[in-house]
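Student:
6 protein chains.
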Amino acid sequence: MTRADERKADELRPVDMQADYLIHPEGSVLITVGQTKVICTATIEEKVPGFLRGQGKGWITAEYSMLPRATGSRNRREASAGKIGGRTMEIQRLIGRALRAVVDLEKLGERTLWLDCDVIQADGGTRTASITGAYVAMVMAISKLELTAFPVTDFLAATSVGITHDNGAILDLDYSEDSTAEVDMNLVMTGKGNFVELQGTGEESTFTRAQLNEMLDLGEAGIRQLIEKQKEILGDTALRIGEETRSEL
Amino acid sequence: MTRADERKADELRPVDMQADYLIHPEGSVLITVGQTKVICTATIEEKVPGFLRGQGKGWITAEYSMLPRATGSRNRREASAGKIGGRTMEIQRLIGRALRAVVDLEKLGERTLWLDCDVIQADGGTRTASITGAYVAMVMAISKLELTAFPVTDFLAATSVGITHDNGAILDLDYSEDSTAEVDMNLVMTGKGNFVELQGTGEESTFTRAQLNEMLDLGEAGIRQLIEKQKEILGDTALRIGEETRSEL
Amino acid sequence: MTRADERKADELRPVDMQADYLIHPEGSVLITVGQTKVICTATIEEKVPGFLRGQGKGWITAEYSMLPRATGSRNRREASAGKIGGRTMEIQRLIGRALRAVVDLEKLGERTLWLDCDVIQADGGTRTASITGAYVAMVMAISKLELTAFPVTDFLAATSVGITHDNGAILDLDYSEDSTAEVDMNLVMTGKGNFVELQGTGEESTFTRAQLNEMLDLGEAGIRQLIEKQKEILGDTALRIGEETRSEL
Amino acid sequence: MTRADERKADELRPVDMQADYLIHPEGSVLITVGQTKVICTATIEEKVPGFLRGQGKGWITAEYSMLPRATGSRNRREASAGKIGGRTMEIQRLIGRALRAVVDLEKLGERTLWLDCDVIQADGGTRTASITGAYVAMVMAISKLELTAFPVTDFLAATSVGITHDNGAILDLDYSEDSTAEVDMNLVMTGKGNFVELQGTGEESTFTRAQLNEMLDLGEAGIRQLIEKQKEILGDTALRIGEETRSEL
Amino acid sequence: MTRADERKADELRPVDMQADYLIHPEGSVLITVGQTKVICTATIEEKVPGFLRGQGKGWITAEYSMLPRATGSRNRREASAGKIGGRTMEIQRLIGRALRAVVDLEKLGERTLWLDCDVIQADGGTRTASITGAYVAMVMAISKLELTAFPVTDFLAATSVGITHDNGAILDLDYSEDSTAEVDMNLVMTGKGNFVELQGTGEESTFTRAQLNEMLDLGEAGIRQLIEKQKEILGDTALRIGEETRSEL
Amino acid sequence: MTRADERKADELRPVDMQADYLIHPEGSVLITVGQTKVICTATIEEKVPGFLRGQGKGWITAEYSMLPRATGSRNRREASAGKIGGRTMEIQRLIGRALRAVVDLEKLGERTLWLDCDVIQADGGTRTASITGAYVAMVMAISKLELTAFPVTDFLAATSVGITHDNGAILDLDYSEDSTAEVDMNLVMTGKGNFVELQGTGEESTFTRAQLNEMLDLGEAGIRQLIEKQKEILGDTALRIGEETRSEL
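Chains as they are written, first to last, in the UniProt record's numbering: chain R, 1 to 249; chain L, 1 to 249; chain F, 1 to 249; chain B, 1 to 249; chain U, 1 to 249; chain Y, 1 to 249.
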C-alpha cells in the first residue's frame, strides 16, 4: 500500500526553515515539515539557574507549546488549565536535553539559552521539528555572542520513524500515520551519526529487534538530509560548528 | 516633531490581513499592523457554557496570549506561572465583549464561538489588532454555518489613540509611542460609527475633555479605514453583515 | 419613567464616609453609597516591588474583594477557588492606576501604599465607591508620614453613569439599574475636573457620541459633589493636597 | 499582676451582637468581643454536597477569613497566595463541626447552610467569636425556613481560656495575652453545659491536670454568659431551641 | 460488649517501632500500632525559616501524608489535586507543635528538623502513631549532632481515647471504632505526665466533664506504656533526655 | 575496573518481591532491587475515564511518587509544591503505557486499574523497579476479578542499562553509576522478548549503534531473569498469562 501523500517509506516530507522570522529574538526560525509549522526562538539570558551559579557553566532549556487551534479540534490552553500537561513536560525536557548534548556548556559561559518552540500548526512530528528548528535558532543566537571558542560541537536534528500495519517501517510520520502506528520512535542524532536520544514505544503493541534495526536505518538517512538543510540555512556559521573539537585534535 | 516612523498624527500603520492562514480552524486570520502580528482563529463548539444552557442563545468568548519572545525581552509563559495575569484577563474579556456587541446571539443558536488571539510579534496595539482580526476570523467561521438568518449585525474594528508629550494627539501608537504616552485610549467602533467600547487612561497623568474629543476624532477616522480593509478581505460575505437588521426595517 | 428609588437622573445616592473605621490600619474608611458599603484600608510598607528598587520612587497598589454574601446570592471565595477572577483583577488594577495618577511617587519615597477595598455589601458601583473611599484612606495614611513635600497632587473620585432603556442617561446606577443598562461607564476624575480614567461599554449594545457627551456631563457633576464630601472628611489635611504644585508655580 | 485592660481573671471582654447587619444574607450578625469584630453570615443553599445526596439529610459548613488589615501588620490575601493556609482550614473545620453538633441534620432537610465568618478587626479570640456569632446567624436563617420541626437542639457558644506567666489561668484572652500565653485552650459548649470541642495546646510548654481543671471552670462560666447574650438577641426564636428534644421526652 | 479485637477498654493495640528503617535519613522509624503503619523520618537541615533567621534558635516542622491505598478505598494524591487538604494540614501542624514542646530550640541551634510521617497502612490512630514514632526518629537524628547540651527535655507520646455507644470510654481506637465513636479525643503527653495537646471532639454529639475525666485517665495510662517502648528502642540515648533540665536544678 | 559493589557488567542486583505487602489493596508488592524499594499497589475502580465511557474497554493508569527522604537529601513533596514535576509525569506515563501493552483492555471490561508506585528508598532504577513490581501487583488484582477470559497477554519487566566511562556497557545501574553514566537507557520487554519501550539518552554525550547493540544484549538477558522471579511469585496465576493468545491460535 502506498502512503496517503504518495511518499515512499524512506521519504521525508518537504522541509523548510525560514530564519530570522521574528524581529525581537536573538535567533528565530519558522520550520515547516509538511503541514507541521513551529516557531522556534532563542533567547539569551545573562544568568544561570540556581543549581549552576558560580560554576562558570551555561545552561540550555526549552519550552514547548501548541496554539489551541494548531490541531483539528481546539485544545484548552495550559495557562487556563493552570498547569502544564505531562506530554508538554516530556517534550520540553527532551528538546532541552537534546540541545545540551551538542553544546560545550563551559565554553558557553554563565548564561542561559531559552529555546521556545510554539507549534502554530500540527500534523505529526511536532517534537522532532521543534528540535531541528530550535537547533538552528540556537546556533544563530550563539553566533551573535562574541565568544572566543565556538561552543557548538556538532549538528543535531530529529525525526520520527514508526511501524504501521499497512506500510511496515516508515520515515517521518504525519498525524494520520502517527495516530494509527503500532510503533512510534523518535530519533535525535548528530552530524557525526551518533545517537543523542532514542525513544521507541509500542502503542498497546510490541516490536522486535529486527524491526528496531529497520527503523534505525530509516531514521539515520532522514536525519542526514535534515542536517544538509540546516547547513544551507546556516551558511558560513555552519563552518564554525565542531571547530573546537577539530582544533583540539 | 515628527513621529519616529514618519507617520502623520492621523495615519494608521500599514495593515494586512491574511485570511485562511491555518488549515484546521473554522476561521483564521494573520493580522499585521506595522510590526505587530497576531494569529486570530475562530472555533465553533456545539455547546454553550452552563449559565446559558437551554436558552437557545449562543456565546462568544476570547482568549489572548503572547509568545514569550513576541516582545523585546522574554516574558514568562502564563502556563509556567500557573495562572493568567491581570493584563491578559482584561484583554480577553474586552475582545469577547466587543465581538458580542455585533452578533445576535439568538440567531447564532446554542453554540460557542472561541476566538483565540495569539500575538507572535508585538509592537503596540496588540489588543486592538486582535479585535480587528478576530472579527474577520469570526465572520468567516459563522459564514460556514448554514444559518437561515446571518447573525452578524455590523462591522467592528478597533484602534488606539493617545497623547504624547512631543506630538499631541496621535492615532495607532506603536510600542515606543505607547510606552511614553501620557494618555492611552482604546476605541472599538462599529460600521455605523457607534461606540462599543472606549477605555481611556491617564498614565500617571490626566486629560481634559478637549483632548478627549481630539482623540475620538482621530480614532473614528482610523476605524473607518480598518473596516474598509475588512470589507475587502471578506468579499461577498461582507454583504451579509447587517442584512437581518436591514430586512427587519 | 422615574427611577426605582425616586432619584432624578442627575442625582447621586446618599454618600457617607466613616474615617478611622478600624484601629490597626494607617488609614481606614467605611464608605457607604446607597446600599453599597466598602471598607477601604491603607497600609504603608517600607519597601517597593522589585522593578522599582533603588530608584527613590514609591508605589501604590490596590486589592479588591467582596465578602461571599455581599450580594444577593453567595459567591464562592476566590481563595477557595484558588485564583483571582478576571473581574477582580480588572477592578484592582483600575483602583491602583487611578490613585497613582494623583500622587507624586518620587515625593512619596521608596515605600508602597497598599489599598485594600473589601466590599461588605454590594448594590452597584462597588468599584467607583472603592476609588472614592480608598483615596481618603490613602490621604490619611500619607498624612501620617513625616514628609517634607506632600505628595498628593489633586483630589480624586469616581462614579458611574449609564444609559437605560427607560430613563436614558443617568448618574450613579444601583445594581438593578446597572444590570439592565444598555451602556455602562465608569469615570474617574480629579479635583481640577480632568479625566484620569474613562471606561464605557455597550452591553451587547452600542452608543453614539451624543450619548457619550450626555453621560460625561452627568458624571462630572456627580464627581464634583463626591469631592466636596472628601474635603469635609479630610478637614485640614485637605488643604495640603496640591500644595506642592501650587508652590512650584 | 492585673490584666492590661484591668479585667479580672474570670471576666469576659464586652460582647455585642448586631443582628441583621447586612441586607442580603438569610442571617447576619456583627459580633464584637472587645476589639475583635467578625461579620457572620448564614446562607441557605437548596442542595447538599455529593456525599450526602439523596439521604434526606442537610449539611452545615463554614468559611473563615480575615481582611488583610484586620491585624497590626498586613496579611497577604489567601486569594492572592492561591491557597488557603493551614490555620484558616483548621478554624473553618472547627466552626462547621461545632455548629453541626447542635443541629439535627435530618430535620434540616436536604439543604446546606453556609456560615461565613469574616474578621474585620482582630484582637484575639477570632475563632471563638466566630462560633458564637455564627450560631446566632444560623438560628436566624433556619427560623426563616418553614420547617415543621425546629432542627436546632441546643445553644452553642465558645470562648478561650489560657495560662499566662503573670496571671495564671485567665478567661477570654486578647491578642497580647494570647501571644504570650503558655497554654491556650478553646472551648465550645452547649446550653446544657456539655462539651462539643475542647482544644488545649501548650505553646512550647506543657500543663498539668490541675491547670486543665482550672481552665475548664473559667471557660464554663464564660460560656454561660455568652449564651445569655445569645438568648437576648434571638428573643422569641430562642424559645424554639431544643423544643424538639423536649417534646420527644 | 467486648471490642471487636477482644481488647479490654484500657488496652493498647500491639505496638512496634523498627528503628533505622531506611538508609538515607538522619533518623527513621517504622511504627506499627495494630494494623496502622507509619514511616517516620527525621531530616536535619542546616538553616531555619525566614522568621527565625539570626536568632540562634532552631525549628521543628512536620509533614504528613498517606499513600493512596493506605486505606480501604483509594484516596486521590494531594499532589494530583494540587493542594493539601484541611485534615492533612491540621495533622502536620499538630505533629510539629507537639515535638517543639519537648525540645529546647535554643540548644538545638540554627537548624531545622523536618519530620516526615508517611502512612503506608491506616487503621485508625495515624496521627498519634505519627507523633509517637516521629519523636523517636527525631531523638535519633538529634543524637547524631555533636551538641554540647542535649536539647530534648522530655519524652513525648500520643494516643487516642473515645466514647462509643457500645463500650463507653475506650483507649486506642481502631478505624472501625473511630468511625462510630460519639466522642474522639487525641492526647499528647510528656514523660512527666503533663499535657502538651488535648483535642476532644463530639462527632455530632457532646460529652460531659465526667466523661472527659474518664477518657483522660485511660489516655494517661496508655501514654505511659508507649513511653516505656520508646525507652527500650532508644537505649542509652534515652538517658540523655531531660539531662539538661536535671543539671540545671 | 570493577563495579563498586563487585558486580559483573551483566549482573543484576539482588531482587525481591514481597506479595500482599498491604492489607487494603487488591494487589500489592514491595519490590526490592538492591537498595531500591518501591511499594506497588493495584486498585480496581469500576469505571473508566470520560474518553472511554461506553466503549466496553478498560483502562490502566499509574501514579509514581517518592517519599521525601527516599533519597540522600530531602526532596520537597509535590503536594506542598502544588504541582507534579516533569520527571514524575514522565515516569508515571511510562509505567501506565508499558502495562497497557500486555493487557487486552477489551477483555478487562469497563474498569480502571490504578497502579501506585511509591518509592520508599531510592538507589537508582526506581522507574524500572516500579514497572517490574507494578506488573505483579496488577496481575494479582486482575486474578481476583472473575473474568471468563484472562486479559493479561504476556509477562513484562524492565531494567536499566548504560555506558560508564570506567566500565563500558553495564546492566542495572545503581544511583552512583547512574549519576556518572554517559548513556542511560531504560528497557521494557515482554516474556516473548519483544520491546515495549526503549528510551536511551546521552547525558551531555552521544552513543554509537554498536554501543546501542551492546546495551540491548545486556538488557534482554537481565529482563529474562526478572521475569523468572515474577513467575515464582505469581505461582499458578502465571500459567494464565497469555492463555487467551495461545487459545486463539
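Glycine residues also receive a C-beta, built at the ideal position from the N, C-alpha and C atoms.
In this text the structure is predicted, and so the values were computed from the model without any measurement.
(1) I think leucine 187 of chain R touches alanine 181 of chain R, with their Cβ atoms under 8 Å apart; what is that distance to the nearest whole Å?
(2) Given that a residue counts as buried once 16 or more other Cβ atoms are within 10 Å of its Cβ, and exposed if not, what is alanine 4 of chain B?
(3) Around the C-beta of serine 28 of chain U, are 16 or more other C-beta atoms found within 10 angstroms, so that it is buried, or is it exposed?
(4) Using a C-beta to C-beta distance shorter than 7 Å, which residues of chain Y count as neighbours of lysine 83 of chain R?
(5) Look at the Cβ atom of cysteine 117 of chain L, then the Cβ atom of valine 183 of chain L, and state whether they are nearer than 7 Å.
(6) So which residues on chain F does serine 205 of chain L lean against when the C-beta distance must stay under 8 Å?
(7) Within the same chain, show all residues whose beta-carbon is closer than 6 Å to that of isoleucine 223 of chain R, passing over the 5 residues directly before and after it, in chain order.
(8) Which class does tyrosine 135 of chain F belong to by DSSP, given the choice of helix, strand or coil?
(9) My understanding is that aspartate 154 of chain L touches lysine 192 of chain L, with C-beta atoms under 8 Å, so please give their C-beta distance in whole angstroms.
(10) Grab the span of the beta strand (DSSP E) containing threonine 41 of chain B for me, first residue to last.
(11) Ignoring anything shorter than 3 residues or poking outside the UniProt domain "Exoribonuclease phosphorolytic" (11–141) of chain Y, list the beta strand (DSSP E) runs there in chain order.
(12) So, for threonine 112 of chain L: in the same chain, excluding its five sequence neighbours on each side, which residues have a beta-carbon less than 6 Å away from its beta-carbon?
(13) Residues in the same chain with beta-carbon distance under 6 Å from glycine 200 of chain Y, minus the five sequence neighbours each way, listed in chain order, please.
(14) How far does the beta strand (DSSP E) with asparagine 186 of chain R in it reach, from first residue to last?
(15) Can you give the Cα-Cα distance for asparagine 167 of chain Y and glutamate 106 of chain Y, rounded to whole angstroms?
(16) Assuming valine 119 of chain L and proline 151 of chain L make a contact with CB atoms under 8 Å, what is their CB distance in whole Å?
(17) Mind reading off the beta-carbon distance from arginine 69 of chain L to threonine 43 of chain R? Whole number of angstroms is fine, and I expect it under 8 Å.
(18) Drop a sphere of 10 angstroms on the beta-carbon of serine 73 of chain L, count the other beta-carbons inside from all chains shown, and report buried for 16 or more, exposed for fewer.
(19) Can you tell me whether DSSP reads leucine 226 of chain U as helix, strand or coil?
(20) Going by the CB atoms, is the gap between glutamate 78 of chain Y and alanine 134 of chain U shorter than 7 Å?
(21) Which residues share a DSSP beta bridge with glutamate 197 of chain R?
(22) Determine, using beta carbons only, whether aspartate 178 of chain F and glycine 34 of chain F come nearer to each other than 7 Å.
(23) Taking CB distances under 7 Å as the criterion, tell me whether glycine 86 of chain Y reaches chain R.
(24) Who does alanine 157 of chain B pair with in a DSSP beta bridge?
(25) What is the DSSP secondary structure of threonine 237 of chain L, reduced to helix, strand or coil?
(26) Could you tell me the distance, in whole angstroms, from the CA atom of arginine 127 of chain F to the CA atom of isoleucine 84 of chain R?
(27) Which of the three DSSP states is assigned to glycine 219 of chain L in this structure?
(28) Quick one: does the C-beta of leucine 239 of chain F sit closer than 6 Å to a heavy atom of the ligand HEM?
(29) Could you give the distance in angstroms between the alpha-carbon of tyrosine 64 of chain L and the alpha-carbon of leucine 108 of chain R?
(30) Specify the secondary structure class of leucine 212 of chain L as computed by DSSP and reduced to three states.
(31) Output, in sequence order along the chain, the residues in the region 38–58 of chain Y whose CB is closer than 8 Å to any CB in chain U.
(32) Buried or exposed for threonine 148 of chain U, please, with buried defined as at least 16 other CB atoms from any protein chain shown within 10 angstroms of its CB.
(33) Against valine 196 of chain B, what residues of chain U qualify as contacts under a CB-to-CB distance less than 7 Å, listed in chain order?
(34) Taking glutamate 90 of chain F as the query, report the chain L residues whose CB atoms sit under 8 Å from its CB, ordered along the chain.
(35) Taking Cβ to Cβ, would you say lysine 231 of chain B is nearer than 7 Å to valine 15 of chain B?
(36) Where do the N-terminal and C-terminal ends of the beta strand (DSSP E) with alanine 169 of chain B fall, by residue?
Tutor: Quick answer:
(1) Actually they are not in contact, since the Cβ atoms of leucine 187 of chain R and alanine 181 of chain R sit about 14 Å apart, beyond 8 Å.
(2) Exposed is the call here.
(3) buried
(4) Per Cβ cutoff of 7 Å: Lys83.
(5) no
(6) Ala101
(7) The answer, listed in chain order, is Ala157, Thr159, Met189.
(8) helix
(9) 6 Å
(10) 36–45
(11) Qualifying beta strand (DSSP E) stretches, in chain order: 15–19, 27–33, 36–45, 59–66, 112–121.
(12) Glu45, Val48, Trp59
(13) Met185
(14) 183–190
(15) Distance between the alpha carbons of asparagine 167 of chain Y and glutamate 106 of chain Y is about 46 Å.
(16) In this structure valine 119 of chain L does not touch proline 151 of chain L by the C-beta definition: roughly 27 Å separates them, more than the 8 Å allowed.
(17) Here arginine 69 of chain L really is in contact with threonine 43 of chain R; their C-beta atoms are around 6 Å apart, less than 8 Å.
(18) exposed
(19) helix
(20) Between alanine 134 of chain U and glutamate 78 of chain Y, the C-beta gap is not smaller than 7 Å, which leaves the two residues out of contact.
(21) R/Val188, Y/Thr201
(22) no
(23) Yes, glycine 86 of chain Y lies at the interface with chain R (some Cβ there is under 7 Å from its Cβ).
(24) B/Met189
(25) helix
(26) Distance between the alpha carbons of arginine 127 of chain F and isoleucine 84 of chain R: 34 Å.
(27) helix
(28) Although the ligand HEM was asked about, the structure shown includes no ligands whatsoever.
(29) 35 Å
(30) Reduced to three states, the DSSP call for leucine 212 of chain L is helix.
(31) Ile39, Thr41, Thr43, Glu45
(32) exposed
(33) Neighbours of valine 196 of chain B on chain U, chain order: Gly202, Thr206.
(34) Gly86, Met89, Glu90, Arg93
(35) no
(36) 168–171
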